[in-house]
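Undergrad: I have a structure I would like to understand better, so I am pasting it below and will then ask my questions one at a time.
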Amino acid sequence: MHLHKLKASDTAGTYLVESPVTENDILLMARQLASLRLRKGRALTSPKEAFSHLQTLLADYEHEVFALLMLDSRHRVIAFEEVFRGTLDGASVYPREIVKIALEHNAAAIILVHNHPSGDPEPSQADRNLTTKLQDALNLVGVRTLDHVVVGQEDCVSLAERGYL
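Numbering-wise, UniProt numbering puts 26 at position 26 of the sequence shown, and it's gapless, one number per residue.
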């Protein structure tokens, strides 16, 4: 835990560094802060708001990770969960598993998230097909799919913004 090197300063949202920090410390702190932002009870006013946090959490993985950001009916975070880890050629994601997890958490809405270890966040045809498949499965149990975010090295692409949802 490296956040102990940080102390909140008088200005909201700024921190004082108490001791020398390495680059690794900084990256770790960024991840910890991003995790805090996606913690239970946090309200997301827009999917965009989650992008930078998802970016921080997933951009550096060398393998593909498929995750779910589950929300309640007022779009507050219930949980952020990595559900599948795959090889570089894609994670095998099973609709049945996704539906099961969404129901276990009693999610009203969900944002699908995965990273492209290649660094290019451009959604593939397979990503689009998967989105449709999962959206259909989640619809059947009354869970709204708000977005599917693909995280790359530099930025994220929202399939909702692209009109695929």
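C-beta atoms are modelled at their ideal positions from N, C-alpha and C, and glycine is treated no differently.
Give the straight-line distance between the Cα atoms of ALA30 and ASP155, rounded to the nearest whole angstrom.
TA: Roughly 16 Å separates the two Cα atoms.
Undergrad: By Cβ distance below 7 Å, which residues in the same chain neighbour ASN115 in space, the five residues on each side in sequence not counted?
TA: The answer, listed in chain order, is LEU58, ALA59, TYR61, GLU64, VAL65 and VAL151.
Undergrad: From the DSSP output, in three-state form, read off THR145 for me.
TA: If DSSP states are grouped into helix, strand and coil, THR145 belongs with the strands.
Undergrad: Okay, do the region 67-75 and the region 102-109 touch, 3+ Cβ pairs below 8 Å being the bar?
TA: With the cut-off at 8 Å, the region 67-75 and the region 102-109 touch.
Undergrad: Where does LEU16 land, buried or exposed, given buried means 16+ other C-beta within 10 angstroms?
TA: Result: exposed.
Undergrad: Is it right to say ALA50 is buried, meaning 16 or more other beta carbons lie within 10 angstroms of its own, or is it exposed?
TA: Result: buried.
Undergrad: What are the complete alpha helix (DSSP H) segments, minimum 4 residues, inside the UniProt domain "MPN" (43-165)?
TA: Qualifying alpha helix (DSSP H) stretches, in chain order: 47-58, 95-104 and 125-140.
Undergrad: Should LEU44 go down as buried or exposed, given a rule of 16 or more other Cβ atoms within 10 Å for buried?
TA: Result: buried.
Undergrad: Is it buried or exposed for ALA102, if we count other Cβ within 10 angstroms and need 16 for buried?
TA: Classification for ALA102: buried.
Undergrad: So what does DSSP say about LYS7, is it helix, strand or coil?
TA: Residue state, collapsed to three classes: strand.
Undergrad: For MET1 and SER52, what's the separation of their Cα atoms in angstroms?
TA: The predicted model places MET1 with a pLDDT of 46, which falls under 50 and marks its position as unreliable; any figure quoted below should be read in that light. Their backbone Cα atoms lie some 21 Å apart in a straight line.
Undergrad: Tell me the DSSP secondary structure of LEU38 in three-state form.
TA: Note: LEU38 maps to coil in three-state DSSP.
Undergrad: Please identify the residue among ALA79, VAL149 and ASN24 whose C-alpha is closest to the C-alpha of SER35.
TA: For SER35, the nearest C-alpha among the options comes from ALA79.
Undergrad: Have a look at the DSSP bridge pairing and note the partners of VAL21.
TA: Partner(s): none; VAL21 has no beta bridge.
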